[in-house]
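Participant: Quick mapping for you: the protein sequence lines, in order, are chains A and B.
Letter by letter, the first sequence follows residues 1 to 250 of my numbering.
Letter by letter, the second sequence follows residues 251 to 536 of my numbering.
Here you go, one structure.
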Amino acid sequence: MSRVRLIQTLLIGGSVALLEILCRAGVIDHFTMIPPSDMLLSLIRIARTESWFWPDVLYTLRNLAVAIVIAVAGGFLIGLGVHAVPRLRRCLDPLFSSYYSVPTFVLYPLLIVIFGIGPASLIVMGALFGVVAMIVATLTALDRIPRALIKTARIMRLDALRGVLMVRLPAAAPHLFTGLKLAVAYCVIGVIAGEFILATAGIGRRLSFSYNNFDNQTMYGVLLLILVFAATLNALLNIWEKRLHQRWYR
Amino acid sequence: MNARPRLVETDHSATAHVAFRSVSHTYPARAGHPPVHALGPLDFNLNRGEFLSVVGPSGCGKTTLLEVLAGLVKPEGGTIEIDGRAMTGDVPDGVGVVFQEDASFPWLTVADNVAFGLRRAGLPAKEIAGRVDYALDFMGLNQFRTAYPSQLSGGMRQRVCIARTLVTRPSLILLDEPFGALDQQTRLLMGEELLKLWRETGATVMLITHSLDEAAMLADRVAVMSARPGRFIDIIETRWPRERDSSLASQPEFGVLTSRLWSLLREESRKAMESSGARSSGATAR
Ligand SMILES: Nc1ncnc2c1ncn2[C@@H]1O[C@H](COP(=O)(O)OP(=O)(O)OP(=O)(O)O)[C@@H](O)[C@H]1O
Ligand SMILES: [Mg+2]
Numbered sequence: 001m002s003r004v005r006l007i008q009t010l011l012i013g014g015s016v017a018l019l020e021i022l023c024r025a026g027v028i029d030h031f032t033m034i035p036p037s038d039m040l041l042s043l044i045r046i047a048r049t050e051s052w053f054w055p056d057v058l059y060t061l062r063n064l065a066v067a068i069v070i071a072v073a074g075g076f077l078i079g080l081g082v083h084a085v086p087r088l089r090r091c092l093d094p095l096f097s098s099y100y101s102v103p104t105f106v107l108y109p110l111l112i113v114i115f116g117i118g119p120a121s122l123i124v125m126g127a128l129f130g131v132v133a134m135i136v137a138t139l140t141a142l143d144r145i146p147r148a149l150i151k152t153a154r155i156m157r158l159d160a161l162r163g164v165l166m167v168r169l170p171a172a173a174p175h176l177f178t179g180l181k182l183a184v185a186y187c188v189i190g191v192i193a194g195e196f197i198l199a200t201a202g203i204g205r206r207l208s209f210s211y212n213n214f215d216n217q218t219m220y221g222v223l224l225l226i227l228v229f230a231a232t233l234n235a236l237l238n239i240w241e242k243r244l245h246q247r248w249y250r
Numbered sequence: 251m252n253a254r255p256r257l258v259e260t261d262h263s264a265t266a267h268v269a270f271r272s273v274s275h276t277y278p279a280r281a282g283h284p285p286v287h288a289l290g291p292l293d294f295n296l297n298r299g300e301f302l303s304v305v306g307p308s309g310c311g312k313t314t315l316l317e318v319l320a321g322l323v324k325p326e327g328g329t330i331e332i333d334g335r336a337m338t339g340d341v342p343d344g345v346g347v348v349f350q351e352d353a354s355f356p357w358l359t360v361a362d363n364v365a366f367g368l369r370r371a372g373l374p375a376k377e378i379a380g381r382v383d384y385a386l387d388f389m390g391l392n393q394f395r396t397a398y399p400s401q402l403s404g405g406m407r408q409r410v411c412i413a414r415t416l417v418t419r420p421s422l423i424l425l426d427e428p429f430g431a432l433d434q435q436t437r438l439l440m441g442e443e444l445l446k447l448w449r450e451t452g453a454t455v456m457l458i459t460h461s462l463d464e465a466a467m468l469a470d471r472v473a474v475m476s477a478r479p480g481r482f483i484d485i486i487e488t489r490w491p492r493e494r495d496s497s498l499a500s501q502p503e504f505g506v507l508t509s510r511l512w513s514l515l516r517e518e519s520r521k522a523m524e525s526s527g528a529r530s531s532g533a534t535a536r
């Protein structure tokens with residue numbers, strides 16, 4: 001384990017331990033927060049006993065998966081299109097760069113009006129939130145393909161399709177993957193927050209439901225689940241991203 | 251036989267592999283930048299099977315010359331004939347290029363990089379394996395065949411690119427400062443290997459280089475380019491025998507040749523330096 005890793009682990013472990021102590025000692029009262037160990041126990045309990053648990057988890061995962069596919073594939077294709085038309089790109093660039101300063105969630109009521117309460121609104125919310133990260137990453141990725149590689153593809157007489165598949169895409173892979181990573185993170189936020197605001201099912205909805213019912217045990221169990229899920233997903237994607245970047249860049 | 255370098259007129263004989271006819275190129279204006287007249291007009295023949303070196307000050311249009319000949323840049327004026335046929339604006343048949351920048355594919359191993367062009371050409375696997383083995387030996391890359399470019403030094407990556415180009419056995423080999431990232435000793439050895447390959451294949455070679463020694467040692471003729479827009483101010487015939495190697499460097503003619511190149515380039519390099527301000531690259535320094 002590297003030094004940095006060690007410090008990170010200590011930091012996280014220390015914070016959790018501190019929370020545990022503060023909760024147990026009553027410094028943080030029980031209605032505000034339950035001790036982390038209780039969160040874990042609560043999560044295990046609801047996973048084993050509550051009939052809503054797996055259906056809600058699957059509902060969220062399914063919507064999330066669809067949102068990610070739409071955001072990543074759509075963002076990639078839109079990125080390709082925008083990159084091909086420099087004038088369009090100049091028009092859209094300011095839009096893209098200010099996109100994440102706009103609270104996209106103000107659109108959620110509108111989505112519900114259009115798509116109704118259900119998976120469609122959640123999927124569109126997640127995809128809307130993630131797609132721009134993917135578009136921007138695709139534009140960057142295409143910009144950064146080394147010219148010498150493109151020239152090499154031409155010298156080797158690759159036709160347009162092969163040039164894309166055999167040279168441009170692999171050359172752009174690291175930045176595309178960074179886009180994928182960001183899009184996934186944004187989709188998670190979009191879908192779960194959408195559920196939190198208004199939905200008929202899903203893990204985010206369960207979070208708001210238990211919150212509104214002063215059901216601290218369930219709420220913190222679900223919260224822990226979401227945190228662990230998002231952190232694990234992100235950590236895995238980070239590892240892959242690092243590997244790609246290490247191989248591609250020197 | 252007169253072994254001294256001498257000036258030659260442009261040769262219009264029937265052995266021309268490539269003929270430049272008033273070829274010139276101007277890069278169009280881009281946002282905030284005026285157009286750049288980079289090349290020509292240029293009139294000269296590249297003879298079949300000859301080894302031509304091109305030297306010139308930094309930024310004088312050497313790479314432009316190469317890209318025009320490789321079909322990557324459509325010249326704004328003039329025509330280029332290859333084997334008597336005017337270029338169509340496409341990459342001509344049988345051209346192999348080694349670029350100035352690293353162009354190895356980072357997602358492929360050294361061996362896969364070298365095999366890339368051969369696989370594209372659809373050669374049988376056995377033939378590919380044989381050629382790749384040979385090229386890797388030749389370039390001293392054999393222990394690195396399963397390594398990725400990111401694990402290699404800049405000079406080794408450049409050797410991967412050279413190998414990838416040479417295995418396809420081009421009849422016209424264009425090299426843009428291929429040994430720039432190598433140390434002097436490796437440079438000399440690679441130069442010798444290139445000469446050997448040139449003798450074996452009978453290919454026509456155009457080598458762009460910053461090193462006057464290298465240009466003088468390897469080439470049949472050395473073309474000296476002016477400051478931008480790049481034109482040939484002289485083409486000097488070296489008159490070396492076909493069988494030659496770096497031991498040439500100890501001959502008196504070699505010194506005569508390089509000092510002659512330097513005297514031609516000196517003024518041009520100064521012009522190039524002045525016009526590009528701080529750009530003080532040792533393009534022509536020895
Ligand atoms: N795509 C381009 N657009 C505009 N100007 C360009 C472009 N490529 C090259 N130039 C300009 O054309 C001139 C010649 O460039 P070129 O790369 O051919 O020179 P070079 O002799 O190869 O230089 P070096 O010795 O640094 O490799 C330079 O002034 C350069 O800035
Ligand atoms: Mg150049």
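Just so you know, even glycine gets a beta-carbon here, dropped at the ideal spot from N, CA and C.
Just reading off the alpha helix (DSSP H) that Ala235/A is part of, what are its end residues?
Facilitator: 216-248
Participant: Along the segment 351-378 of chain B, what residues have a CB closer than 8 Å to any CB found in chain A?
Facilitator: Legend: CB atoms of the segment 351-378 of chain B lying less than 8 Å from CB atoms of chain A belong to residues Glu351, Asp352, Ala353, Phe355, Pro356, Trp357, Phe366, Gly367, Arg370.
Participant: Would you kindly report the start and end of the unbroken alpha helix (DSSP H) that includes Met440/B?
Facilitator: 434-451
Participant: Report buried or exposed for Thr49/A, applying the criterion of at least 16 other Cβ atoms within 10 angstroms of its Cβ.
Facilitator: It is exposed - the Cβ of Thr49/A has fewer than 16 other Cβ atoms within 10 Å.
Participant: Which of helix, strand or coil does DSSP assign to Ile28/A?
Facilitator: coil
Participant: Would you please verify whether the beta carbon of Leu322/B is less than 8 Å from any beta carbon of chain A?
Facilitator: yes
Participant: Is the distance from the Cβ of Gly126/A to the Cβ of Ala71/A below 8 Å?
Facilitator: yes
Participant: Taking C-beta pairs closer than 9 Å, name the residues in chain B that Pro170/A reaches, listed in chain order.
Facilitator: Phe355, Pro356, Trp357, Leu358
Participant: For Glu300/B, report the span of its alpha helix (DSSP H) as first-last.
Facilitator: Element bounds for Glu300/B: n/a, residue is neither H nor E.
Participant: If you measure beta-carbon to beta-carbon, which residues of the segment 104-121 of chain A are closer than 9 Å to chain B?
Facilitator: none
Participant: Which first and last residues belong to the alpha helix (DSSP H) in which Thr359/B is found?
Facilitator: Taken as a continuous stretch (DSSP letters only), Thr359/B belongs to no alpha helix (DSSP H), as it is neither H nor E.
Participant: Closer than 7 Å: is that where the CB of Lys312/B sits relative to any heavy atom of ligand 2?
Facilitator: Distance from the C-beta of Lys312/B to the nearest heavy atom of ligand 2 is below 7 Å.
Participant: Taking all protein chains shown into account, decide if Leu257/B is buried (16 or more other Cβ within 10 angstroms of its Cβ) or exposed.
Facilitator: With a pLDDT of 42 at Leu257/B, under the threshold of 50, the modelled position of this residue cannot be trusted; read the value that follows with caution. With fewer than 16 Cβ atoms within 10 Å of its Cβ, Leu257/B is classed as exposed.
Participant: Less than 8 Å between the C-beta atoms of Gly202/A and Ser121/A, yes or no?
Facilitator: no
Participant: When we look at the beta-carbon of Arg3/A and count the other beta-carbons within 10 Å, is it buried (16 or more) or exposed?
Facilitator: exposed
Participant: Here's the rule I'm using: 16 or more other beta-carbon atoms within 10 Å means buried, otherwise exposed. How should Lys181/A be labelled?
Facilitator: buried
Participant: From the beta carbon of Trp248/A, is the nearest beta carbon of chain B less than 8 Å away?
Facilitator: Yes, Trp248/A counts as interfacial toward chain B.
Participant: Check whether the segment 69-83 of chain A touches the segment 130-148 of chain A, counting contact only when three or more Cβ pairs, one atom from each stretch, lie closer than 8 Å.
Facilitator: Yes, since at least three Cβ pairs between the segment 69-83 of chain A and the segment 130-148 of chain A fall closer than 8 Å, the two stretches touch.
Participant: Using a threshold of 7 Å, is the CB atom of Ser461/B nearer than that to any non-hydrogen atom of ligand 1?
Facilitator: no
Participant: At a threshold of 7 Å, does Ala133/A count as lining ligand 1 (C-beta to nearest heavy atom)?
Facilitator: no
Participant: From Leu161/A to Gln501/B, what distance separates their C-alpha atoms?
Facilitator: The C-alpha of Leu161/A lies about 53 Å from the C-alpha of Gln501/B.
Participant: Would you call the segment 207-221 of chain A and the segment 140-157 of chain A in contact, with 3 or more CB pairs under 8 Å?
Facilitator: no
Participant: Applying the 10 Å Cβ sphere with the 16-neighbour rule, what's the burial state of Trp54/A?
Facilitator: Around the beta carbon of Trp54/A, fewer than 16 other beta carbons sit within 10 angstroms, so the residue counts as exposed.
Participant: Within 8 Å (strictly less), CB to CB, does Lys151/A reach chain B?
Facilitator: It does: the Cβ of Lys151/A has a partner Cβ on chain B nearer than 8 Å.
Participant: According to the Cβ coordinates, are Leu92/A and Val82/A closer than 8 Å?
Facilitator: yes
Participant: Could you spell out the range, first to last residue, of the beta strand (DSSP E) harbouring Gly328/B?
Facilitator: That run of the beta strand (DSSP E) goes 327-332.
Participant: Please list, in chain order, the chain B residues whose beta carbon lies closer than 8 Å to that of Ala137/A.
Facilitator: Residues of chain B passing the Cβ test: none, with the nearest at roughly 18 Å.
Participant: Does chain A have any CB closer than 8 Å to the CB of Phe349/B?
Facilitator: yes
Participant: Excluding sequence positions up to five away, which residues of its chain have a Cβ less than 6 Å from the Cβ of Asp495/B?
Facilitator: Glu442
Participant: In this structure, what does DSSP give as the bridge partners for Asp340/B?
Facilitator: According to DSSP, Asp340/B bridges with nothing at all.
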